[in-house]
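Here the sequence shown is numbered in our numbering, starting from 278 and rising by one per residue.
For each residue, glycine too, the CB sits at the ideal point set by N, CA and C.
Take a look at the structure below.
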Amino acid sequence: MAGGLINFRPIARVVSVLLLIIGVLMWTGIPFSLYYGETPLPLLYAGLSTVVAAALLWMIPRAPRDSLPRPADLTIRKREGYLIVALSWTAMVLFGMLPYLYSGMLPKVPDALFETVSGMTTTGASTLTDIEIHPRGLLYWRSLTQWIGGMGIIVLTVAIFPLLGIGGIELFAAEAPGPTSDKLHPRISETAKRLWFIYVGLTVLLGILLVVFGMSPYEAINHALTTMATGGFSTRNASAAAFSPAIQYLLVLFMFLAGVNYTVLYLSFKRRWSQVWQSDELKAYVSLIVVVALFLTARVWYITGLPLEESFRDSIFQTVSLITTTGFVTADYTGWAPSLTMICFVLLFVGACAGSTSGGIKIIRNLVFLKNSYLEFRRIVHPQAIIPLRLNGQIVSGRIITHIFNFLLLYLILFVFGSIVLSVLGLDFLTAIGAMATSLGNVGPGIGNVGPMDNFAWLSAPVKIFLSFVMIVGRLEVFTVLVLFTPYFWRLN
């Protein structure tokens, strides 16, 4: 059936626009290179290569007249939407690593690939052993890759789809972070614009406040980009520990905001407080942070003997950083106590709110699982009763519950399978489960030899390539990538 054929022309058009954006954004690092007396050629040539590739993709000819259904062959359907997401991320990663390769900053492809994927997926794991010796322009690009991936550059492209004559609802559903489909505006392009307005606005605000609090303008720009993206790349070897307590508290606040559902943030800015506090996920998010942070504070204060304020600051910082999957560090949580290390390891799986820039499973999925498990006990006692699951006062359909349970099971299977693969590739048990958990959840630091005071430079090339794939699977919510490996996706009807 002709309608079952995959239409590659709109896919090429969208990937072309994305590469054009990536290429132009690379050039925004050139002023930093010139200001600090560095050669801008790697960023110049990388941007030029990307823009040329974008132009070539745009010129892909129209499909044969009778091979696709009318109307025009720029229609995006469900399958094209998923392919656009997968191919866009592949293209962004392949071209995004060019500055590292052209400059010699990361001359080996596995290292450049890992660093780029970690940036685009906002994971924050790094192969750089001494960050501060590298050119400022390239470190800016490294930070910018996280900001690009934070909300998903495809959402930005959805905002300009009207200019291309392409409808983007399927694409937004495939890329928008989290399992919810809350809309700020009935038109998807307007939704994307509002999301990016919030995203850009908070980034600019944080950058200004970081300068006010004593950070240099260059470092403020970099940390504003990676904080709002919940990414965690820093320009300092010591990460957030290199800055003052005031800056650390400021980062905690904005990491928290970055982990909130952007629909809720929008309602907050509109002062619709009654709607904001209807969110069960937001209540669970705040409650979890408060409970874990206070517990860690008490234990860290007792175990380490640090001053109470420092114990609280390190505890609240690491709690928010791990739950939001940002990955900034101020302390080595693996050195506190085995029990606290285990708590921090569990946080690698939690994630913040759906519809935020964070990775992980997401609070709402965990909340649905816990609520439904609790209700199952009531159903056992009262088998004839109809006891629906409610969130935000509304009944959650059985289809959504099934989807979430399938996601959780598949996430667990991937974690176990990936940990076994990493063990076969030579990693010890703690490092294998730590690397897999932090990569699948897009967090950054893990446990074992990839903890908060370590990096990923020592890993073998096969491990880096495997973890790069895992990071993409985690960032795109598992199903978006794995559906491409099923025979059903490629059938014509």
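Could you check which residue in G509, E496, Q423 and F589 has the C-alpha nearest to that of F309? In the sequence shown, the residue the question calls residue 309 occupies position 32. Here the closest residue by C-alpha is E496.
Which residue or residues does DSSP assign as beta-bridge partners of I672? The count along the sequence shown starts at 1 and reaches residue 672 at position 395. Under the DSSP definition of a beta bridge, I672 partners with R667.
In this structure, how does DSSP classify L405 when only helix, strand and coil are distinguished? Counted from its first residue, the sequence shown places residue 405 at position 128. In the three-state DSSP reduction, L405 falls in the coil class, being neither helix nor strand.
So R413 packs on Y313, CB below 8 Å; how close in whole Å? For this step, residue 413 is matched to residue 136 along the sequence shown. For this step, residue 313 is matched to residue 36 along the sequence shown. Going by Cβ atoms, the distance from R413 to Y313 rounds to 5 Å, so yes, they are a contact pair.
Cβ-based burial, D705 [other Cβ within 10 Å; buried from 16]: Numbered from 1 along the sequence shown, position 428 holds the residue referred to as residue 705. Exposed is the call here.
Taking the alpha helix (DSSP H) that E357 falls in, what are its first and last residues? Counted from its first residue, the sequence shown places residue 357 at position 80. Residues K355 to G373.
Taking the alpha-carbon positions, what's the G478 to R655 distance? Sequence index remark: in the sequence shown, residue 478 carries index 201 (1-based). Sequence index remark: in the sequence shown, residue 655 carries index 378 (1-based). Distance between the alpha carbons of G478 and R655 is about 46 Å.
Which same chain residues, not among the five before or five after T603, have their C-beta less than 6 Å away from its C-beta? Counted from its first residue, the sequence shown places residue 603 at position 326. Hits under 6 Å: T507, G509 and M532.
Candidates P584, D609, G358 and T708: which alpha carbon is nearest V760's? For the purposes of this step, residue 760 is identified with residue 483 of the sequence shown, where counting begins at 1. The residue with the shortest Cα to Cα distance from V760 is G358.
Inter-residue Cα distance where the pair is F733 and L318: Taking the sequence shown and counting its residues from 1, the one referred to as residue 733 is at position 456. Taking the sequence shown and counting its residues from 1, the one referred to as residue 318 is at position 41. Here the alpha carbon of F733 sits roughly 28 Å from the alpha carbon of L318.
Could you pull out every residue in the same chain whose Cβ sits closer than 8 Å to the Cβ of N499, ignoring the five residues on either side in sequence? As a position in the sequence shown, residue 499 is number 222, starting the count at 1. For N499, where only same-chain residues beyond five positions count, the Cβ hits under 8 Å are L416, Y417, S420, F510, S511 and T512.
Applying the 10 Å Cβ sphere with the 16-neighbour rule, what's the burial state of L345? Here residue 345 refers to the residue found at position 68 of the sequence shown. For L345, the predicted model reports a pLDDT of 47, less than 50, meaning its position is unreliable; a value from the coordinates is still stated below. Counting Cβ neighbours within 10 Å, L345 comes out buried, since at least 16 surround it.
Kindly indicate which residue of E558, G582, L530 and G695 has the alpha-carbon position closest to the one of T540. For the purposes of this step, residue 540 is identified with residue 263 of the sequence shown, where counting begins at 1. Among E558, G582, L530 and G695, the Cα nearest to that of T540 is on E558.
Simplified DSSP state of I638, which is helix, strand or coil: Walking along the sequence shown from the start, residue 638 turns up at place 361. Looking at I638 - three-state DSSP - the assignment turns out to be coil, as it is neither helix nor strand.
First and last residue of the uninterrupted alpha helix (DSSP H) at L740: As a working note, residue 740 is residue 463 in the sequence shown. Per the sequence presented here, residue 740 reads as Val, with Leu not at that position. Residue range A738 to R752 is occupied by the alpha helix (DSSP H) that includes V740.
Thinking C-alpha only, which one of R752, G429, R667 and S700 is nearest Y651? Counting from 1 along the sequence shown, the entry for residue 651 is found at position 374. Nearest in C-alpha terms to Y651, of all of R752, G429, R667 and S700, is R667.
Check each candidate in A323, G675, L571 and A515 and name the one with the smallest Cα separation from I298. Position 21 of the sequence shown holds residue 298. The residue from A323, G675, L571 and A515 with its alpha-carbon nearest to that of I298 is A323.
Could you pull the start and end residues of the alpha helix (DSSP H) that V727 belongs to? Within the sequence shown, the letter at position 450 stands for residue 727. No alpha helix (DSSP H) contains V727, which DSSP labels as neither H nor E.
Classification of L362 by the beta-carbon crowding that lies within 10 angstroms, buried from 16 upward: Indexing the sequence shown from 1 puts residue 362 at position 85. Looking at the sequence shown, residue 362 is not Leu but Val. With 16 or more Cβ atoms within 10 Å of its Cβ, V362 is classed as buried.
In or out: D407 buried (at least 16 other Cβ within 10 Å) or exposed? In the sequence shown, the residue the question calls residue 407 occupies position 130. By the neighbour-count rule (16 or more Cβ atoms within 10 Å), D407 is not buried but exposed.
Looking at the unbroken alpha helix (DSSP H) that takes in I425, where does it start and where does it end? Along the sequence shown, read from residue 1 onward, the residue named residue 425 stands at position 148. R413 to M428 is the extent of the alpha helix (DSSP H) around I425.
Quick check on W554: does DSSP put it in helix, strand or coil? Taking the sequence shown and counting its residues from 1, one reaches residue 554 at position 277. Coil, per DSSP.
Provide the residue span of the alpha helix (DSSP H) that contains R286, from first to last. Counting from 1 along the sequence shown, the entry for residue 286 is found at position 9. That run of the alpha helix (DSSP H) goes F285 to W304.
Proximity below 8 Å, CB of L482 to CB of M428: The residue given as residue 482 occupies position 205 in the sequence shown. The residue given as residue 428 occupies position 151 in the sequence shown. Contact: no.
Identify whether P317 lies in helix, strand or coil by the three-state DSSP scheme. By one-based count along the sequence shown, residue 317 stands at place 40. Taken through DSSP and simplified to helix, strand or coil, P317 comes out as coil.
Under three-state DSSP, which class holds A506? In the sequence shown, the residue the question calls residue 506 occupies position 229. In this structure, A506 counts as coil in the three-state DSSP scheme.
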